[in-house]
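**Q** Numbering (our numbering), first residue to last: 328 to 670. In this text, a Cβ means the ideal position worked out from N, Cα and C, and glycines have one as well. Below you'll find the structure I mean.
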């Protein structure tokens with residue numbers, strides 16, 4: 328009887344023990360079976376292919392839309408930098424003649440004569456644009472008297488010139504680029520009626536151009552998603568490493584008369600680009616293909632086109648002058664404050 332009772336109790340005890348192993352197996356199986364319901368695929372990382380293994384939302388979708396619109400991601404900076412400031416230093420000291428433009432500017436043999444205003448030895452004709460170069464200057468009663476590089480003394484105002492520099496390239500750009508020439512907001516659409524962004528573009532700010540359209544009488548440049556500027560406020564370089572028709576050399580300088588930009592190429596590589604200023608009537612810059620035929624480190628430019636010579640100009644020691652079309656030349660314009668406009 329005791330044996331039967333013990334056996335029965337053992338049997339009941341065994342039946343009452345929980346089966347932990349069976350319960351754990353059932354829980355894991357349920358989770359695996361319902362995993363897709365509880366845990367959807369992760370978000371795709373930007374740049375990942377849309378192959379169905381991840382959800383193509385959020386940053387990945389935004390990056391894809393940016394690329395589809397023609398913009399690189401991540402954005403690439405222009406492969407360029409400003410040249411050394413020393414390359415922009417003009418090798419002469421300059422001054423603006425401050426006599427009234429309808430009066431000649433007298434030159435004197437000595438400093439004392441210049442101060443007294445007596446015994447002039449020569450003069451520079453009347454004109455609105457007159458600059459001289461000098462080697463030494465002396466102040467007297469708040470006036471500057473300068474010893475001209477060609478000899479003689481004159482009262483004039485020592486001048487400063489713009490420090491604007493173009494860009495020196497170490498690789499070809501992927502797209503067009505340029506500069507802002509007038510402060511402007513960026514528009515969200517290519518229209519003057521469009522809403523503007525909070526971005527204000529400053530003069531001489533560098534921009535990259537990814538698309539352009541014509542609208543409302545101007546060309547609109549897309550510089551970023553939902554950012555447009557018009558061609559009256561920006562001047563661009565249309566990058567093209569192929570030699571133009573008529574150029575049989577691997578080195579050429581391209582001047583865009585519409586954009587007022589200049590680009591220097593060699594062996595299919597862009598070396599340098601900048602804003603420029605070309606001439607207008609009657610000293611206009613002619614379109615065409617030309618060969619540089621003479622270079623001068625310094626050149627004095629003077630003349631007049633009006634019959635009464637009222638437009639006389641005198642520009643002494645213009646640096647780095649390169650003649651290419653009769654009397655037309657590439658040269659420094661130290662008298663100009665801004666570039667990007669014909670003058």
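What number of angstroms, rounded off, separates the C-alpha of residue 432 from the C-alpha of residue 461?
**A** Distance between the alpha carbons of residue 432 and residue 461: 15 Å.
**Q** When DSSP builds the beta bridges, which residues end up paired with residue 481?
**A** Paired residues: 473.
**Q** Using C-beta distances below 6 Å, list every residue in its chain close to residue 449, excluding the 5 sequence neighbours before and after it, in chain order.
**A** Taken in chain order, the residues that qualify are 434.
**Q** From the DSSP output, in three-state form, read off residue 394 for me.
**A** If DSSP states are grouped into helix, strand and coil, residue 394 belongs with the helices.
**Q** Using the Cβ count rule (16 or more neighbours within 10 Å means buried), how would you classify residue 348?
**A** In this prediction, residue 348 has a pLDDT of 48, which is less than 50 and means its spatial position is unreliable; nothing more can be read from the coordinates.
**Q** Using alpha carbons as the reference points, say which of 668, 646 and 669 lies closest to residue 658.
**A** Here the closest residue by C-alpha is 646.
**Q** What are the boundary residues of the beta strand (DSSP E) that includes residue 542?
**A** Here the beta strand (DSSP E) through residue 542 covers 538 to 542.
**Q** Closest to residue 410 by CA distance: which of 598, 533, 395 and 494 is it?
**A** Nearest of 598, 533, 395 and 494 to residue 410, Cα basis: 494.
**Q** Give the DSSP bridge partners of residue 600, in chain order.
**A** Residue 600 pairs with 494 and 590.
**Q** According to DSSP, is residue 440 part of a helix, a strand, or is it coil?
**A** Residue state, collapsed to three classes: helix.
**Q** Under three-state DSSP, which class holds residue 559?
**A** If DSSP states are grouped into helix, strand and coil, residue 559 belongs with coil.
**Q** If you follow the beta strand (DSSP E) that residue 462 is part of, which residue opens it and which one closes it?
**A** Per DSSP, residue 462 belongs to the beta strand (DSSP E) from 456 to 467.
**Q** Can you tell which of 596, 661 and 442 has its C-alpha closest to the C-alpha of residue 469?
**A** For residue 469, the nearest C-alpha among the options comes from 442.
**Q** Give the DSSP-derived three-state secondary structure of residue 535 in the structure shown.
**A** In this structure, residue 535 counts as strand in the three-state DSSP scheme.
**Q** Is it right to say residue 358 is buried, meaning 16 or more other beta carbons lie within 10 angstroms of its own, or is it exposed?
**A** Residue confidence is low: residue 358 scores 48 on pLDDT, short of 50, so the model does not pin down where it sits. Its coordinate-derived value is still stated next. Answer is exposed; the Cβ neighbour count stays below 16.
**Q** Sort out for me which residues DSSP pairs residue 618 with in a bridge.
**A** For residue 618, which the question treats as bridged, DSSP gives no partner whatsoever.
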